[in-house]
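Remarks on the structure that follows.
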Amino acid sequence: MILNRDVIAIDVRRVAEIALTILLILSGTKEFTRRLERAAERQILQQLGGSGQVQVHIQPRWGALGVFLARAETIRVYASGFRTEQMPFFTETPIAQWSGKADKVQIVLEDFHLGGLPIRSIGATIPGVLLDSKEAAFRLRIRLFSAGWGNGGVTLDEESLTEFVKRRLPEVRSPHVQVTPSEVRITGELVVLLTPWQFEAEGSVGVRDGRYVVVENVRVYVEGEELPPLVVQKIVAALNPVLDVERDLRLGGAFVAERVEQGNGFVKLIGRATVPPREPGGVNGDTR
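Position in the sequence shown (from 1) plus 14 gives the number in the numbering used here.
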């Protein structure tokens, strides 16, 4: 069998050209993805007032084609150390003709202040997020249109809970909250007629109506003596809700608390999460 050297040379050259083209596309895709990630980080950081740290990672679907069509398997957003009055994530209307999709968006926010209150962490995994592929491709801007409901959680440490108690019970000076897996304890000084008394309340934490964090099964002691149930009811009425997810955390329409877990030094609210519609000055969206 005789091989034509010219044909072999052409075939080898053709394979090399194809391989080079694929390499250029892949390298261009990675570069574009990095540029989009950096642009998204700047966009989120700007919405957070320029403080803190933000990292965005995009895992495209279908490789190079997915990048330019704004199709992603996962978009991961991590931010920490910032102060903000409201969450920087929202959807807009109307839905553009050029719409892409992220199968899921993972959000992790740690050690930040929301509405002046310290928050240990907020995390969510949100499915089926639609985004503007034209904005992403030509303006390197992430613009969201709609999102499904996924899983989420809000973790509050003892410092956070102490701040909430200060707001609810101004009569108790220097309050401190201690959390264990089975109990929440509030200690401080109860001032009555200018006289300070040692105050201690013990109970557990619960959730009501998807938004209210309350203390339950409460026992109250003043100077070591347990108070009668009628007095305890009045104190609990003043204390509850310890936390309102919509008013205090500004998470109306974004998070619905379904249950609570207690651990050593923290309370975690667990429930459903989404990206709410942009609606300044009110509760965003429908929680169903």
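Even for Gly, the Cβ is constructed at its ideal location relative to N, Cα and C.
Smallest Cα separation from Ile284: which of Pro195, Phe46 and Val221? In the sequence shown, residue 284 corresponds to position 270, counting from 1. Looking at the Cα atoms, Val221 is the closest of the given residues.
Would you be able to state if there are at least three C-beta pairs under 8 Å between the stretch 252-266 and the stretch 154-165? No contact exists between the stretch 154-165 and the stretch 252-266.
Which same chain residues, not among the five before or five after Glu55, have their C-beta less than 8 Å away from its C-beta? Numbered from its first residue, the sequence shown carries residue 55 at position 41. Closer than 8 Å at Cβ, skipping near neighbours: Val68, Gln69 and Val70.
Assigned exposure category for Pro195 - 16 Cβ within 10 Å defines buried: Translated into the one-based positions of the sequence shown, residue 195 becomes position 181. Answer is exposed; the Cβ neighbour count stays below 16.
Quick check on the burial criterion: 16 or more other C-beta atoms within 10 angstroms. Buried or exposed for Ser147? Start at 1 with the first residue of the sequence shown, and residue 147 comes out as number 133. It is buried - the Cβ of Ser147 has at least 16 other Cβ atoms within 10 Å.
Measuring straight from C-alpha to C-alpha, what distance separates Gln276 and Thr88? The sequence position of residue 276 within the sequence shown is 262, counting from 1. The sequence position of residue 88 within the sequence shown is 74, counting from 1. The straight-line gap from Cα to Cα measures roughly 30 Å.
Can you round the beta-carbon distance between Arg97 and Gly63 to whole angstroms, since I take them to be within the 8 Å contact cut? As a first step, residue 97 must be located in the sequence shown, where it is residue number 83. As a first step, residue 63 must be located in the sequence shown, where it is residue number 49. For Arg97 against Gly63, the beta-carbon gap comes to about 7 Å, under 8 Å, which counts as contact.
Does DSSP put Pro290 in a helix, in a strand, or in coil? By 1-based counting over the sequence shown, the position of residue 290 is 276. Of the three classes helix, strand and coil, the one that applies to Pro290 here is coil, per DSSP.
How many angstroms separate the CA atom of Ser94 from the CA atom of Pro242? Here residue 94 refers to the residue found at position 80 of the sequence shown. Here residue 242 refers to the residue found at position 228 of the sequence shown. Each residue's alpha carbon lies about 45 Å from the other.
Where do the N-terminal and C-terminal ends of the alpha helix (DSSP H) with Ser174 fall, by residue? Counting from one through the sequence shown, the residue named residue 174 turns up at place 160. Its alpha helix (DSSP H) spans residues Glu172 to Arg182.
In three-state DSSP terms, what is Ser218? Counted from its first residue, the sequence shown places residue 218 at position 204. For Ser218, the secondary structure class from DSSP, reduced to helix, strand or coil, is strand.
Identify whether Phe103 lies in helix, strand or coil by the three-state DSSP scheme. Taking the sequence shown and counting its residues from 1, one reaches residue 103 at position 89. Judged by DSSP in its simplified three-state form, Phe103 adopts coil rather than helix or strand.
So, helix, strand or coil for Ile140, using DSSP? Walking along the sequence shown from the start, residue 140 turns up at place 126. Reduced to three states, the DSSP call for Ile140 is strand.
With 16 other Cβ atoms within 10 Å as the buried cut-off, status of Val289: Counted from its first residue, the sequence shown places residue 289 at position 275. Answer is buried; the Cβ neighbour count reaches 16.
Under 6 Å Cβ to Cβ from Phe178, same chain only, skipping five residues before and after it: list those, please. The residue given as residue 178 occupies position 164 in the sequence shown. These residues qualify, in order along the chain: Val256 and Leu257.
Measuring CA to CA, which of Val236, Ile72 and Pro102 is closest to Arg90? Counted from its first residue, the sequence shown places residue 90 at position 76. The candidate whose alpha carbon is nearest that of Arg90 is Ile72.
Burial state of Ile36 (16 or more Cβ within 10 Å): The residue labelled residue 36 in the question sits at position 22 within the sequence shown. At Ile36 the pLDDT is 41, less than 50, meaning the model places this residue with poor confidence; the figure from the coordinates comes in the next sentence. That one is exposed.
Beta-carbon proximity list for Glu237, same chain, < 8 Å, skipping 5 on both sides: Here residue 237 refers to the residue found at position 223 of the sequence shown. Trp211 and Gln212.
Can you check which of these residues, Glu216, Thr209 and Pro184, is closest to Val191 by C-alpha distance? Start at 1 with the first residue of the sequence shown, and residue 191 comes out as number 177. Comparing Cα positions, the closest option is Glu216.
Give the single residue among Leu170, Glu51, Glu239 and Phe104 whose Cα lies nearest to the Cα of Asp125. Within the sequence shown, the letter at position 111 stands for residue 125. The residue from Leu170, Glu51, Glu239 and Phe104 with its alpha-carbon nearest to that of Asp125 is Leu170.
Have a look at Thr105 and Ile58 and give me their C-alpha separation to the nearest angstrom. Position 91 of the sequence shown holds residue 105. Position 44 of the sequence shown holds residue 58. In this structure, the straight-line span from the alpha carbon of Thr105 to that of Ile58 is close to 14 Å.
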